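Structure, as structure tokens:
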Amino acid sequence: MIKQTPSTASFKVNKVAQQGSLSVHVADQLEALITQGKVAVGDKLPTENSLCESFGVSRTVIREAITHLKSLGLVETRRGVGTSVLRSSKLKALPAERINPTTVEDILHLLELRLTLEPAAAELAALRYDEEDRQRLEFQHQAFANAYETKSQAREEDYLFHFAIATATKNPFFQSFYEQWSQSVIPRAKLLSNDINPLSSQRYLERVQEEHVQILNAILCRDGNAAREMMRQHLGRARDTYAQYRDLK
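In the UniProt record's numbering, the protein residues as written are 1 to 249.
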């Protein structure tokens with residue numbers, strides 16, 4: 001049975017500052033309320049209007065945040081009912097059942113390198129992209145979304161989206177980095193098909209798609225700081241995800 005929506009007065013959150021991704025800040029606060037048990041399993045979240053007022057953000061930001069919580073398996077939304085808490089702990093969004101330890105180390109080393117380069121590339125892309133770059137970025141983002149919808153691992157589409165960002169920097173050395181590594185720069189390119197878990201892999205790709213949207217929006221808004229931060233968060237989440245395999249038996 002679905003419990004009542006908590007009152008606005010008891011739903012304590014902080015308004016978010018106008019920096020970085022607003023939806024990420026909103027999602028982080030909601031996730032903390034749920035995982036800490038301050039919003040119980042079965043409870044409904046406040047309405048969109050109430051959340052907009054509480055956080056001081058638009059409906060679009062709230063919807064993006066709720067989509068992220070859905071990808072974590074924390075909430076569900078039903079027409080005429082609202083958004084309800086399903087569980088108090090996140091479902092694992094791991095791309096594979098297991099990964100060879102040597103492969104895990106290779107992936108983490110490459111992500112460490114990417115974390116030093118790509119946030120800067122995203123910032124430069126936001127400041128320097130032209131109309132051709134904009135069209136390429138939007139095309140490659142849509143290609144990734146289409147591949148995700150067909151249950152593909154979207155390895156090539158993921159690579160080409162990041163390559164489009166490198167190209168938009170107008171710095172040929174960023175582009176050369178991606179040309180040198182090709183699709184192997186994408187961690188999923190190193191996974192064996194037999195080890196991939198289709199369900200958790202799709203949940204993982206859903207999160208990747210959300211993060212790509214945030215990166216793309218920041219770039220197209222020419223917000224260099226936000227683009228840098230969104231890319232840092234994107235690659236940081238990937239690093240944290242693959243680091244979990246060190247502890248798997």
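Glycine included, C-beta positions come from ideal geometry on N, C-alpha and C. Quick caveat: nothing in here was measured; it's all calculated off a predicted structure.
Once DSSP output is grouped into helix, strand and coil, what is the label at residue i?
| i | result |
| --- | --- |
| G236 | helix |
| R78 | strand |
| S84 | strand |
| K190 | helix |
| K44 | strand |
| A122 | helix |
| A96 | strand |
| S7 | Low confidence applies to S7: its pLDDT is 47, below 50, so where it sits in the model is not reliable, and the reading given next is rough at best. In the structure shown, S7 sits in coil (DSSP, three-state: anything other than H, G, I, E or B). |
Whole angstroms is fine: what's the gap from residue i's alpha carbon to residue j's?
| i | j | result |
| --- | --- | --- |
| I219 | I165 | 9 angstroms |
| V104 | S50 | 43 angstroms |
| L191 | R155 | 11 angstroms |
| K12 | V81 | 22 angstroms |
| H109 | T150 | 30 angstroms |
| T60 | A32 | 21 angstroms |
| F55 | R79 | 23 angstroms |
| T102 | A189 | 14 angstroms |
| D43 | H68 | 18 angstroms |
| D28 | L22 | 10 angstroms |
| D130 | R222 | 11 angstroms |
| Q142 | E48 | 27 angstroms |
| S184 | D158 | 11 angstroms |
| K38 | L45 | 11 angstroms |
| S58 | N100 | 44 angstroms |
| T167 | E53 | 40 angstroms |
| L216 | A226 | 10 angstroms |
| R246 | K15 | 37 angstroms |
| V24 | I62 | 10 angstroms |
| Q244 | A147 | 26 angstroms |
Looking at C-alpha atoms only, which residue of the options is the closest neighbour of residue i?
| i | options | result |
| --- | --- | --- |
| D240 | G56, E112, T60 | E112 |
| R228 | A125, N194, Q244, F139 | A125 |
| S84 | F174, Q180, I66, K151 | I66 |
| Y178 | R114, V61, N100 | R114 |
| K170 | F161, D133, V185, A145 | D133 |
| N194 | E131, R98, T77 | R98 |
| T35 | Y148, L86, F144 | L86 |
| H162 | S152, I196, E123, N14 | E123 |
| I196 | P46, Q153, K15 | Q153 |
| G73 | K90, E211, W181 | K90 |
| W181 | L160, S200, A168 | L160 |
| A145 | I62, C52, H212, A243 | H212 |
Quick check: does the Cβ of residue i come within less than 7 angstroms of any heavy atom belonging to the ligand ZN?
| i | result |
| --- | --- |
| L127 | For the structure depicted, the ligand ZN is absent and the ligand set is empty, with no information on it obtainable. |
Give the C-beta separation of residue i and residue j to the nearest angstrom, bearing in mind that I take them to be a contact with Cβ-Cβ under 8 angstroms.
| i | j | result |
| --- | --- | --- |
| L127 | G224 | 5 angstroms |
| I107 | P187 | 5 angstroms |
| S88 | V26 | Actually they are not in contact, since the Cβ atoms of S88 and V26 sit about 19 angstroms apart, beyond 8 angstroms. |
| E64 | K70 | Their Cβ separation, rounded to whole angstroms, is 11 angstroms, which puts E64 and K70 out of contact at 8 angstroms. |
| M230 | Q214 | 5 angstroms |
Please determine if the segment 93-107 and the segment 196-216 are in contact, where contact requires at least 3 C-beta pairs separated by less than 8 angstroms. yes
Decide yes or no for the touch test of the segment 118-135 against the segment 223-240: beta carbon pairs closer than 8 angstroms, at least 3 of them. yes
Count the C-beta pairs between the segment 134-151 and the segment 169-176 that are closer than 8 angstroms, then say yes if the count reaches three, no if not. no
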